[in-house]
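**Q** Residue numbers for the sequence shown follow the working numbering, so the first one is 222 and each next one is one higher.
All C-beta atoms in this analysis are idealised placements derived from N, C-alpha and C, irrespective of residue type, glycine included.
Computed from a prediction, not measured in an experiment: that's the story for all the values here.
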Amino acid sequence: MDELFQNFFDPSTIEGLQNDYIVPWAINIVMALAVFIIGRLVISIILAVINKLLGKTKMDSMLVNFVMSIMYALLLLFVIVASLDQLGVNTSSLIALVGAAGLAIGLSLQDSLKNFAAGVMLVVFRPFREGEFVEVNGISGTAERITIFNTIMRTGDGREVTIPNGPIYGNVITNFSRRDTRRVDMVFGIGYDSDLLKAKAILKEIVETDERVLSDPAPLVAVQELADSSVNFVVRPWAKTSDYWDVYRDTMEKVKLRFDAEGISIPFPQMDVHLIKEESAANSPKD
222 MDELFQNFFD PSTIEGLQND YIVPWAINIV MALAVFIIGR LVISIILAVI
272 NKLLGKTKMD SMLVNFVMSI MYALLLLFVI VASLDQLGVN TSSLIALVGA
322 AGLAIGLSLQ DSLKNFAAGV MLVVFRPFRE GEFVEVNGIS GTAERITIFN
372 TIMRTGDGRE VTIPNGPIYG NVITNFSRRD TRRVDMVFGI GYDSDLLKAK
422 AILKEIVETD ERVLSDPAPL VAVQELADSS VNFVVRPWAK TSDYWDVYRD
472 TMEKVKLRFD AEGISIPFPQ MDVHLIKEES AANSPKD
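#1: Take Pro488 and list the residues in its own chain whose beta-carbon comes closer than 8 Å to its own, dropping the five residues that flank it on each side.
#2: By Cβ distance, which residues of its chain are closer than 7 Å to Met374, with the 5 residues on each side in sequence left out?
#3: Return the CA-CA distance between Asn396 and Trp246, expressed in angstroms with no decimal places.
#4: Taking the alpha-carbon of Asp471 as reference, which of Ser290, Glu446, Thr430 has the nearest alpha-carbon?
#5: Give the straight-line distance between the Cα atoms of Phe337 and Met292, rounded to the nearest whole angstrom.
#6: Here's a check: name, in chain order, each residue in its chain whose Cβ is nearer than 6 Å to the Cβ of Leu441, leaving out the five neighbours to either side.
#7: Can you tell which of Val444, Thr462, Lys461 has its C-alpha closest to the C-alpha of Val455?
#8: Leaving out the 5 sequence neighbours to the left and right, which residues in its chain are closer than 7 Å to Asp406 when beta-carbon positions are compared?
#9: Are Lys335 and Gly387 close, meaning C-beta to C-beta below 8 Å?
#10: Per the DSSP calculation, Arg261 is bridged to which residue(s)?
#11: Tell me where the beta strand (DSSP E) around Asn453 begins and ends.
#12: Taking only the alpha-carbon atoms, compute the straight-line gap between Glu426 and Ala448 and give it to the nearest angstrom.
#13: Taking a contact to mean a Cβ-Cβ separation below 8 Å, would you say Phe346 touches Ile394 in this structure?
#14: Grouping DSSP H, G and I as helix and E and B as strand, with all else coil, what is Val468?
#15: Give the DSSP bridge partners of Thr372, in chain order.
#16: What does the alpha-carbon distance come out to for the pair Ile250 and Leu308?
#17: Which of the three DSSP states, helix, strand or coil, is assigned to Leu435?
#18: Taking only the alpha-carbon atoms, compute the straight-line gap between Phe287 and Ala460 and give it to the nearest angstrom.
#19: Would you kindly work out how many angstroms separate the C-alpha atoms of Ser436 and Glu353, rounded to a whole number?
#20: For Lys419, which residues of its own chain have a beta-carbon under 8 Å away from its beta-carbon, when the five flanking residues on both sides are left out?
#21: Can you grab the Cα-Cα spacing for the pair Ser398 / Gly391, in whole Å?
#22: Can you find the residues in the same chain that come closer than 7 Å, C-beta to C-beta, to Ser415, ignoring five residues on each side of it along the sequence?
#23: Taking buried to mean at least 16 other C-beta atoms within 10 Å of its own C-beta, is Thr376 buried or exposed?
#24: How far does the beta strand (DSSP E) with Val393 in it reach, from first residue to last?
#25: Do Ile369 and Leu343 have their CB atoms nearer than 8 Å?
#26: State yes or no: is the C-beta of Ala303 within less than 8 Å of the C-beta of Gly260?
#27: Apart from the five residues on each side of it in sequence, which residues of its chain come closer than 8 Å, Cβ to Cβ, to Asn272?
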C-alpha cells in the first residue's frame with residue numbers, strides 16, 4: 222500500500238497526469254466555455270441585425286417574433302454542438318443519438334409537434350395579427366404574439382392568457398378587427414300600448430344623426446317580433462370597427478332617455494298574481 226501511495230505521489234506520475242489529463246481537459250473545458258459564451262454573443266448580434274432588417278420590411282411583427290424564436294433555437298443548438306466538439310465529444314455520434322432521441326421524444330410529444338406545426342400555419346396564413354381583437358378557443362382578447370408552441374393573448378380585463386397553437390388552428394377563429402366596418406346589432410322593445418310609428422321614428426333619428434354611423438350601408442330600423450309582452454325593434458347601424466362599442470353604448474343610453482321623455486314604455490319582466498278570496502265559513506250555506 223505504501224508503495225502504491227509513493228508511486229501515485231511520485232513527481233513523474235503527477236507530471237504525467239498533468240500532461241496527459243489535467244491540462245488537456247482544462248484547456249478543452251476553457252475552450253468549450255469560450256465557444257459557448259462567444260457563440261451566445263454572436264447569436265445575439267446576428268439576431269439583432271436580422272430583427273432590424275426585418276423591422277424595415279412590411280412583415281407583421283408577430284411573424285417576425287416567430288421567425289426570430291426559431292432562428293434562436295437553431296443557432297443555439299449549433300453553438301452547443303460546437304462546444305461539445307471542443308470537449309472531444311464525437312459530435313457525429315451525438316447528432317445521430319440526438320436524432321434518434323428526437324424521434325422517440327417526438328412520438329411521445331405529438332401534441333407539442335402539433336402545436337409547432339399549427340404555429341407555422343398561423344404565421345403563414347395569418348388569420349390574426351398583433352394587436353387585433355379575436356376570439357379563439359372560447360377566449361376573447363387582443364393577440365400579442367405567437368411563440369413556437371403557444372399564442373399569447375391579453376383579455377379585456379388585463380389578464381394574460383397562453384393558448385396552445387394546436388387548438389387555435391383546429392377551431393373557429395373570429396377576428397373582430399380585420400374588417401374596417403362592423404354592424405352594431407341592437408334590439409329595443411316597447412309596450413303594446415305605446416305609439417309604434419313614433420318609437421320607430423325616434424330610433425331612426427337617433428342612429429341617423431350619429432356622425433359615427435355610416436350612411437352606406439344604410440342603418441336598418443324595423444319591427445322584428447311581436448313578443449309576449451313587447452313589440453321588438455331591430456336596430457342595425459354600421460360603423461367603423463374602432464367606433465363599435467362607443468356607438469353601441471351611446472345608442473343604448475340615448476334610446477332610454479328619449480323613450481322616457483316621449484312617454485314610450487319599455488316593458489320589463491313581471492308577473493300578475495290574481496287572488497281569489499273564498500267566502501267565509503259564516504256566509505256558507507248551512508245544512
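**A** So, to answer that:
#1: Working through the sequence shown from its first residue, we reach residue 488 at position 267. Cβ within range, chain order: Gly410, Ile411, Gly412, Ser450, Ser451.
#2: Translated into positions along the sequence shown, residue 374 becomes position 153. Counting only Cβ-Cβ distances below 7 Å, and skipping sequence neighbours, we find Ile360, Gly362, Thr363, Ala364, Glu365, Val382, Ile384.
#3: Locating residue 396 in the sequence shown gives position 175, where the first residue counts as 1. Locating residue 246 in the sequence shown gives position 25, where the first residue counts as 1. Spanning the two alpha carbons is a distance of roughly 58 Å.
#4: For the purposes of this step, residue 471 is identified with residue 250 of the sequence shown, where counting begins at 1. The shortest Cα separation from Asp471 among Ser290, Glu446, Thr430 belongs to Thr430.
#5: Residue numbering aside, residue 337 sits at position 116 when the sequence shown is read from its first letter. Residue numbering aside, residue 292 sits at position 71 when the sequence shown is read from its first letter. Going from the Cα of Phe337 to the Cα of Met292 covers about 14 Å.
#6: Counting from one through the sequence shown, the residue named residue 441 turns up at place 220. If we look at Leu441 and ignore the five residues flanking it on each side, its Cβ neighbours are Arg457.
#7: Taking the first residue of the sequence shown as 1, we reach residue 455 at position 234. Taking only the C-alpha atoms, the option nearest Val455 is Val444.
#8: Within the sequence shown, numbered from 1, the residue matching residue 406 stands at position 185. These residues qualify, in order along the chain: Arg457.
#9: In the sequence shown, the residue the question calls residue 335 occupies position 114. In the sequence shown, the residue the question calls residue 387 occupies position 166. In contact: Lys335 and Gly387 (Cβ atoms closer than 8 Å).
#10: Numbered from its first residue, the sequence shown carries residue 261 at position 40. Note: Arg261 sits in no beta bridge, so no partner.
#11: The count along the sequence shown starts at 1 and reaches residue 453 at position 232. Asn453 -> beta strand (DSSP E) spans 452 to 457.
#12: Locating residue 426 in the sequence shown gives position 205, where the first residue counts as 1. Locating residue 448 in the sequence shown gives position 227, where the first residue counts as 1. Glu426 and Ala448: Cα-Cα distance of roughly 24 Å.
#13: Within the sequence shown, the letter at position 125 stands for residue 346. Within the sequence shown, the letter at position 173 stands for residue 394. Cβ atoms of Phe346 and Ile394: not closer than 8 Å.
#14: Sequence index remark: in the sequence shown, residue 468 carries index 247 (1-based). Helix at Val468.
#15: Looking up residue 372 in the sequence shown gives position 151. BP columns for Thr372 point to Ile367, Ile384.
#16: Here residue 250 refers to the residue found at position 29 of the sequence shown. Here residue 308 refers to the residue found at position 87 of the sequence shown. Approximately 6 Å between the Cα atoms of the pair.
#17: Within the sequence shown, the letter at position 214 stands for residue 435. Here Leu435 sits in coil by DSSP.
#18: Translated into the one-based positions of the sequence shown, residue 287 becomes position 66. Translated into the one-based positions of the sequence shown, residue 460 becomes position 239. Rounded to whole angstroms, Phe287 to Ala460 spans 34 Å at the Cα level.
#19: What you label residue 436 is simply residue 215 of the sequence shown in a count that begins at 1. What you label residue 353 is simply residue 132 of the sequence shown in a count that begins at 1. For Ser436 and Glu353, the distance between alpha carbons rounds to 26 Å.
#20: Counted from its first residue, the sequence shown places residue 419 at position 198. The answer, listed in chain order, is Glu483, Ile485.
#21: Counting from one through the sequence shown, the residue named residue 398 turns up at place 177. Counting from one through the sequence shown, the residue named residue 391 turns up at place 170. Cα to Cα, the separation comes out at about 20 Å.
#22: For the purposes of this step, residue 415 is taken as the residue at position 194 of the sequence shown. Here the set comprises Ile485, Ser486.
#23: Taking the sequence shown and counting its residues from 1, the one referred to as residue 376 is at position 155. Flag for Thr376 reads exposed.
#24: By one-based count along the sequence shown, residue 393 stands at place 172. Looking at the DSSP string, Val393 is not in any beta strand (DSSP E), and its letter there is neither H nor E.
#25: Numbered from 1 along the sequence shown, position 148 holds the residue referred to as residue 369. Numbered from 1 along the sequence shown, position 122 holds the residue referred to as residue 343. Taking 8 Å as the Cβ cut-off, Ile369 and Leu343 do not qualify as a contacting pair.
#26: On the sequence shown, residue 303 is found 82 positions in, with the first residue counted as 1. On the sequence shown, residue 260 is found 39 positions in, with the first residue counted as 1. Contact: yes.
#27: Taking the first residue of the sequence shown as 1, we reach residue 272 at position 51. The residues are Val285, Met289.
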